[in-house]
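*Asks:* Counting in my numbering, the sequence shown runs from 55 upward without gaps. Even glycine gets a Cβ: it sits at the ideal position worked out from N, Cα and C.
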Amino acid sequence: MACRPRQDDALTHFASVSYIYRRRAPRWFCAAQRSPNEDVVSMDKIRILLVDDEATVLKVVQMAMRATIECDIITATSAGEALRIMEKERIDAVVCDIGMPVMDGATFVNVVAELYPNTTRLIFTALRSTDALGLQTAGAAHQFFLKPTSIRLLAEKIKCVQRLRSRLPAQGMDMIVAKVRSLPSLPAVYTELEQALNHPNSSMDMVGKVLEKDIAMSAKVLQLVNSAFFGTHERMTRPAQAAVHLGGEVLKSLLLGLHLFTAWKTPCIPCSSIQELWRHGLAVATAAREIALAEGCTRAQADEYYAAGLFHDIGKIIIADNLPESCDHIQKIVQERGVAITQAEKEVLGATHAEAGAYLMALWGFSDNIVNSCAFHHQPSQDATPGCGPLAAVHVANVFDHAQVPCGKIPMATLDQAYIVRMGLAPKMEAWRRLAAGAVPA
Ligand SMILES: [Fe+2]
Ligand SMILES: [Fe+2]
């Protein structure tokens, strides 16, 4: 039987620690938002625990959720009651209020993150703030929703997360991804950001330009800025814009107080280096944006293509940061047998960086286009939904960049010809290749 930490110990621990912590594009190209493949995997019925001290809210949310997705819903009117339920029953996702008596929602999600790291943790609150209480949830909560947000949206997000989780080995990679509070940054960019935030003459525009050079910090600020606490009504996809919106004080808290921005210390990435992984991410992002603009996307849509490119290999960062020994093993298999990294990852971990990255993007509330671009960037034909959009641009840009910067004889990526033909993209390949070759990261 698995050994779980006792609830009382965790509560004592948390009580004793200060716990902060687009010209118009053709329809075929700019596909509508859609959920990652709905029909590929089978899932157990999702079990959701709603925690709110207002019984009427529980009743309304419970009814609306049941009307939206197939799920079991359990309710609790306090964090204590919720933790007692979690001791006895499997819970896939908790949705909790933040302003609750005795134990507030911020403390509750931190306790859940510690005791049940695999549980999806969502905050559903009427409060909008960047104060200490809000910031306390920035690492532990996966997503934030502001009442009276659409319960349908909340339920759909939970369903998407559970679907992507079911693609990963249970109690393995799924657990590792769900525990991720933040990812390490390129050391040089981390230092540059630290200096920019502490320099009296730095403007937030300058800080934003530094931050968007880093994949990890870009992902974290976009997760937060698109959340209820820090958010705006418009969805942001540009990291620099997100940094300006959050402001210097919140960024300093993330860097110094919450340690959600950290510099990379264990640089082991199979067939690559951290510098090369970052260069590749920025190159694919820039090429995807150029392709989007050339195909008639708006600036805002092209920004989403950029983000999809920037984060397409974020799963490699997750694996390298959390499983260094597995990285060594993957590297050895790739070098000795000359197989693709994804094949070695599958053998060692039971999942690929694409699947791990897509799960993190879904957990953090990123758009379906970004989640799909992570999940299927190596084999987009596995995406059964119609249309292409960012996934096509990211897939092609990824292949072209690997062709320009090869990794010895190791097979990195090849064009998914079946997909290219199915989407009618073959006549565009030469033009896209030139765009990708000429795209220079800012
Ligand atoms: Fe990849
Ligand atoms: Fe890649």
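Report the rounded CA-to-CA distance for V149 versus K386, giving the unit in angstroms.
*Replies:* Taking the sequence shown and counting its residues from 1, one reaches residue 149 at position 95. Taking the sequence shown and counting its residues from 1, one reaches residue 386 at position 332. Computed Cα separation, rounded: 42 Å.
*Asks:* For a test of the three-state rule: what should DSSP assign to D422, helix, strand or coil?
*Replies:* Looking up residue 422 in the sequence shown gives position 368. Helix, per DSSP.
*Asks:* So is Q190 buried or exposed if we call it buried at 16+ other beta carbons inside 10 Å?
*Replies:* Within the sequence shown, the letter at position 136 stands for residue 190. The residue is buried, with at least 16 neighbouring Cβ atoms inside 10 Å.
*Asks:* Do you know offhand how far L414's Cα is from A232's?
*Replies:* Sequence index remark: in the sequence shown, residue 414 carries index 360 (1-based). Sequence index remark: in the sequence shown, residue 232 carries index 178 (1-based). Cα-Cα distance, rounded: 7 Å.
*Asks:* Alpha carbon to alpha carbon, how far is R144 from V105?
*Replies:* The residue labelled residue 144 in the question sits at position 90 within the sequence shown. The residue labelled residue 105 in the question sits at position 51 within the sequence shown. Near 15 Å, if we compare the C-alpha coordinates of V105 and R144.
*Asks:* Residues in the same chain with beta-carbon distance under 6 Å from W486, minus the five sequence neighbours each way, listed in chain order, please.
*Replies:* As a first step, residue 486 must be located in the sequence shown, where it is residue number 432. Here the set comprises I345 and V450.
*Asks:* Is V275 helix, strand or coil when you go by DSSP?
*Replies:* Here residue 275 refers to the residue found at position 221 of the sequence shown. Correct three-state label for V275: helix.
*Asks:* Taking the alpha carbon of I152 as the reference point, which residue from Q197, V448, A297 and Q116 has its own alpha carbon closest?
*Replies:* Residue mapping note: residue 152 aligns to position 98 of the sequence shown, counting from 1. Here the closest residue by C-alpha is Q197.
*Asks:* Considering only C-alpha positions, which residue in the set K319, R206 and Q436 is nearest to E409?
*Replies:* Along the sequence shown, one-based indexing puts residue 409 at 355. The option with the nearest alpha carbon to E409 is Q436.
*Asks:* Given this structure, state the Cα-to-Cα distance separating I424 from T173, to the nearest angstrom.
*Replies:* Your numbering for residue 424 matches position 370 in the sequence shown. Your numbering for residue 173 matches position 119 in the sequence shown. Cα to Cα, the separation comes out at about 22 Å.
*Asks:* Note the first and the last residue of the continuous beta strand (DSSP E) segment covering D106.
*Replies:* Counting from 1 along the sequence shown, the entry for residue 106 is found at position 52. It is not in any beta strand (DSSP E) - D106 carries neither H nor E in the DSSP assignment.
*Asks:* State yes or no: is the C-beta of D268 nearer than 7 Å to some heavy atom of ligand 2?
*Replies:* The count along the sequence shown starts at 1 and reaches residue 268 at position 214. Incorrect: D268 has no Cβ contact closer than 7 Å to ligand 2.
*Asks:* Just jot down, in chain order, the residues whose CB lies closer than 5 Å to any heavy atom of ligand 2.
*Replies:* Answer in sequence order: D367 and N452.
*Asks:* According to the neighbour-count rule (16 or more other Cβ atoms, all chains shown, within 10 Å of its Cβ), is H431 buried or exposed?
*Replies:* Here residue 431 refers to the residue found at position 377 when the sequence shown is read from its first residue. Its Cβ being crowded by 16 or more others within 10 Å, H431 is buried.
*Asks:* Alpha carbon to alpha carbon, how far is A490 from V453?
*Replies:* The count along the sequence shown starts at 1 and reaches residue 490 at position 436. The count along the sequence shown starts at 1 and reaches residue 453 at position 399. So the alpha carbons of these two residues sit roughly 10 Å apart.
*Asks:* Would you mind sorting E124 into buried or exposed? The rule is 16 or more other CB atoms within 10 Å of its CB.
*Replies:* Residue 124 sits at position 70 when you count from the first residue of the sequence shown. By the 10 Å Cβ count, E124 comes out exposed.
*Asks:* In terms of alpha-carbon separation, which member of T291, I269, V338 and M260 lies closest to G302?
*Replies:* For this step, residue 302 is matched to residue 248 along the sequence shown. Comparing Cα-Cα distances from G302 to each of T291, I269, V338 and M260, the minimum goes to M260.
*Asks:* Just how far apart, CA to CA, sit S89 and A412?
*Replies:* Looking up residue 89 in the sequence shown gives position 35. Looking up residue 412 in the sequence shown gives position 358. At S89, the pLDDT of 45 sits below 50, so the modelled position is not reliable and the matter cannot be decided from this model.
*Asks:* Answer with buried or exposed for M140, where buried requires no fewer than 16 other C-beta atoms within 10 angstroms of its C-beta.
*Replies:* Indexing the sequence shown from 1 puts residue 140 at position 86. Counting Cβ neighbours within 10 Å, M140 comes out buried, since at least 16 surround it.
*Asks:* Could you tell me which residues DSSP pairs with V148 in its beta bridges?
*Replies:* Counted from its first residue, the sequence shown places residue 148 at position 94. Answer is L103 and R175, bridged to V148.
*Asks:* Identify the continuous beta strand (DSSP E) that holds F198 and give its terminal residues.
*Replies:* Locating residue 198 in the sequence shown gives position 144, counting from the first residue. Counting along the chain, the beta strand (DSSP E) containing F198 begins and ends at Q197 to L200.
*Asks:* Straight-line CA distance for V111 to A121?
*Replies:* In the sequence shown, residue 111 corresponds to position 57, counting from 1. In the sequence shown, residue 121 corresponds to position 67, counting from 1. Going by the C-alpha atoms only, they are around 16 Å apart.
*Asks:* Under 8 Å: do the region 387-406 and the region 204-211 share three or more Cβ pairs, one atom per stretch?
*Replies:* Judged by Cβ distances under 8 Å, the region 387-406 makes no contact with the region 204-211, as fewer than three pairs qualify.
*Asks:* Return the CA-CA distance between V95 and A250, expressed in angstroms with no decimal places.
*Replies:* On the sequence shown, position 41 is the one that residue 95 refers to. On the sequence shown, position 196 is the one that residue 250 refers to. Here V95 scores only 42 on pLDDT, less than 50, and its place in the model should not be relied on; the value that follows carries that caveat. So the alpha carbons of these two residues sit roughly 46 Å apart.
*Asks:* Look at E358 and P444 and say whether their C-beta atoms are less than 8 Å apart.
*Replies:* Walking along the sequence shown from the start, residue 358 turns up at place 304. Walking along the sequence shown from the start, residue 444 turns up at place 390. Yes.
*Asks:* From the beta carbon of L445, is the nearest beta carbon of chain B less than 8 Å away?
*Replies:* The structure shown contains no chain B; it holds only a single protein chain.
*Asks:* Tell me the DSSP secondary structure of D126 in three-state form.
*Replies:* The residue you call residue 126 lines up with position 72 of the sequence shown. D126: strand per DSSP, three-state reduction.
*Asks:* Going by DSSP, what residue range makes up the alpha helix (DSSP H) through N295?
*Replies:* Against the sequence shown, residue 295 aligns to sequence position 241. Reading the sequence as shown, one finds Gln at residue 295 and not Asn. Unbroken alpha helix (DSSP H) run through Q295: P293 to L300.
*Asks:* A412: beta carbon under 7 Å from a heavy atom of ligand 1?
*Replies:* Residue 412 sits at position 358 when you count from the first residue of the sequence shown. Result no, Cβ not under 7 Å from ligand 1.
*Asks:* If you draw a straight line from the alpha carbon of E108 to that of T131, how long is it in whole angstroms?
*Replies:* Here residue 108 corresponds to residue number 54 of the sequence shown, with the count starting at 1. Here residue 131 corresponds to residue number 77 of the sequence shown, with the count starting at 1. Distance between the alpha carbons of E108 and T131: 7 Å.
*Asks:* Please report the residue range of the alpha helix (DSSP H) in which D455 lies.
*Replies:* For the purposes of this step, residue 455 is taken as residue 401 along the sequence shown, with counting starting at 1. P444 to Q458 is the extent of the alpha helix (DSSP H) around D455.
*Asks:* Which residue from E349, A374 and P434 puts its Cα closest to that of P481?
*Replies:* If you number the sequence shown from 1, residue 481 lands on position 427. Nearest option by C-alpha distance: E349.
*Asks:* Taking 7 Å as the line, does the beta carbon of H449 fall inside it for any heavy atom of ligand 3?
*Replies:* The model depicted lacks ligand 3 and carries ligand 1 and ligand 2 instead.
*Asks:* Hey, quick one: how far does the alpha helix (DSSP H) through L218 stretch, first residue to last?
*Replies:* For the purposes of this step, residue 218 is taken as the residue at position 164 of the sequence shown. Residues I205 to R219.
*Asks:* Using only CA atoms, which one of V459, A457, D422 and N255 lies nearest to G441?
*Replies:* Within the sequence shown, the letter at position 387 stands for residue 441. With distances taken between Cα atoms, G441 lies closest to D422.
*Asks:* Pull the bridge partners of T316 from the DSSP assignment, please.
*Replies:* The sequence position of residue 316 within the sequence shown is 262, counting from 1. Looking at the DSSP assignment, T316 forms a beta bridge with P238.
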